[in-house]
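In what follows, a single structure is set out as structure tokens and then discussed.
Protein chains in written order, with the working numbering: chain A, 1 to 114; chain B, 1 to 113.
Set out below in structure tokens:
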């Protein structure tokens, strides 16, 4: 099993450009989430999904869109990149275990917006 | 917004010393997880505690969930250089599932040989 994979690993964008961060998991997990990690801020939840076709907003959703057409994939779209979106983005997945879920994180995508 | 205050933010100690990292909130969490993150990688789960007063041990690491489920601590005995990393606590929302985690800002631990 590859676990949670994220592409690309690094990306540089210009302000106003759009792009999609890819996330895939091969563990048949129902739950998937996107977080961003900024220095001194910890990880903050952007969007999450509890199953194919179901998504919802997290703490910092503005400027991001998600969709979940399959169980395996959960792409994150930046509509019009801004310098404030410079961050490291992590995707995570898990299966329900009554509060004892193990969240599996991908290796991250490092994004720089100029 | 449920906030998790983690302290200290930075900790630099010598090999063999003991240390404790704290994670506090004014809100009740249904569960509390501790993660360790290495540079350039995603966080890796160390432990999940769900019951008030619960204590879990993982070799030299001891995790405790407060009785009121508002705080947690991580104690490391006889720290080793391999323990170096960013330690993150994360709280799960009420309702059971941990797909919506609230993270503390992390404690960056450096263990010097």
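For every residue, glycine included, the Cβ atom is placed at its ideal position computed from N, Cα and C. From a predicted model like this one, the values you see are computed outputs, not experimental measurements.
In chain A, which residues lie with their C-beta within 8 angstroms of the C-beta of residue i?
i, result
"residue 110 of chain B", "Those do not exist, as residue 110 of chain B stays about 16 angstroms from chain A at its closest Cβ, beyond 8 angstroms."
"residue 100 of chain B", "33, 45, 48 and 58"
"residue 172 of chain B", "Nothing in the structure corresponds to residue 172 of chain B, since chain B is present only between 1 and 113."
Is the CB of residue i under 8 angstroms away from at least one CB in chain B?
i, result
"residue 103 of chain A", "yes"
"residue 78 of chain A", "no"
"residue 114 of chain A", "no"
"residue 45 of chain A", "yes"
"residue 94 of chain A", "yes"
"residue 63 of chain A", "no"
In chain B, what lies closer than 7 angstroms to residue i by C-beta?
i, result
"residue 41 of chain A", "105"
List, in order along the chain, the chain A residues whose C-beta lies closer than 7 angstroms to that of residue i?
i, result
"residue 3 of chain B", "Ordered by position in chain A, no residue passes the 7 angstroms Cβ test against residue 3 of chain B, which lies about 10 angstroms from the chain."
Could you round the C-beta distance between residue i and residue j to whole angstroms and report it? I think they count as a contact, below 8 angstroms.
i, j, result
"residue 106 of chain B", "residue 99 of chain A", "Their Cβ separation, rounded to whole angstroms, is 22 angstroms, which puts residue 106 of chain B and residue 99 of chain A out of contact at 8 angstroms."
"residue 113 of chain A", "residue 92 of chain A", "The pair is not a contact, with the Cβ atoms about 22 angstroms apart (cut-off 8 angstroms)."
"residue 32 of chain B", "residue 65 of chain B", "5 angstroms"
"residue 85 of chain B", "residue 67 of chain B", "Their Cβ separation, rounded to whole angstroms, is 28 angstroms, which puts residue 85 of chain B and residue 67 of chain B out of contact at 8 angstroms."
"residue 59 of chain A", "residue 45 of chain A", "5 angstroms"
"residue 72 of chain A", "residue 24 of chain A", "5 angstroms"
"residue 111 of chain B", "residue 38 of chain B", "At roughly 13 angstroms, the Cβ-Cβ gap does not stay under 8 angstroms, so residue 111 of chain B and residue 38 of chain B are not in contact."
"residue 11 of chain B", "residue 89 of chain B", "That pair is no contact at about 14 angstroms."
"residue 60 of chain B", "residue 46 of chain B", "So it is not a contact: roughly 12 angstroms between Cβ atoms."
"residue 71 of chain B", "residue 25 of chain B", "7 angstroms"
"residue 20 of chain A", "residue 77 of chain A", "5 angstroms"
Whose Cβ in chain B lies nearer than 9 angstroms to the Cβ of residue i?
i, result
"residue 90 of chain A", "42 and 43"
So residue i contacts chain B; which residues on that side make the cut at Cβ distance below 8 angstroms?
i, result
"residue 107 of chain A", "40, 41 and 42"
At a cut-off of 7 angstroms, is residue i close to the ligand MG when judged by its beta-carbon and the heavy atoms of the ligand?
i, result
"residue 93 of chain B", "The ligand MG is not among the ligands present in this structure, which contains no ligands whatsoever."
Quick one: which residues of the region 43-68 of chain B get their C-beta closer than 8 angstroms to a C-beta of chain A? List them in chain order. 43, 44, 45, 48 and 50
Continuous beta strand (DSSP E) assignments of at least 3 residues falling wholly in the region 65-94 of chain A
76-78 and 87-94
If we require 3 or more residues per run, which beta strand (DSSP E) segments fall completely within the region 15-61 of chain B?
19-24, 31-37, 44-49 and 55-58
- Item | Every unbroken beta strand (DSSP E) within the region 27-59 of chain A, with a cutoff of 3 residues, ordered by chain | 31-38, 42-51 and 54-57
*asked:* Report the start-end ranges of each beta strand (DSSP E) in the region 63-102 of chain B that is 3 residues or longer and not cut off at the edges.
replied: 71-76 and 85-92
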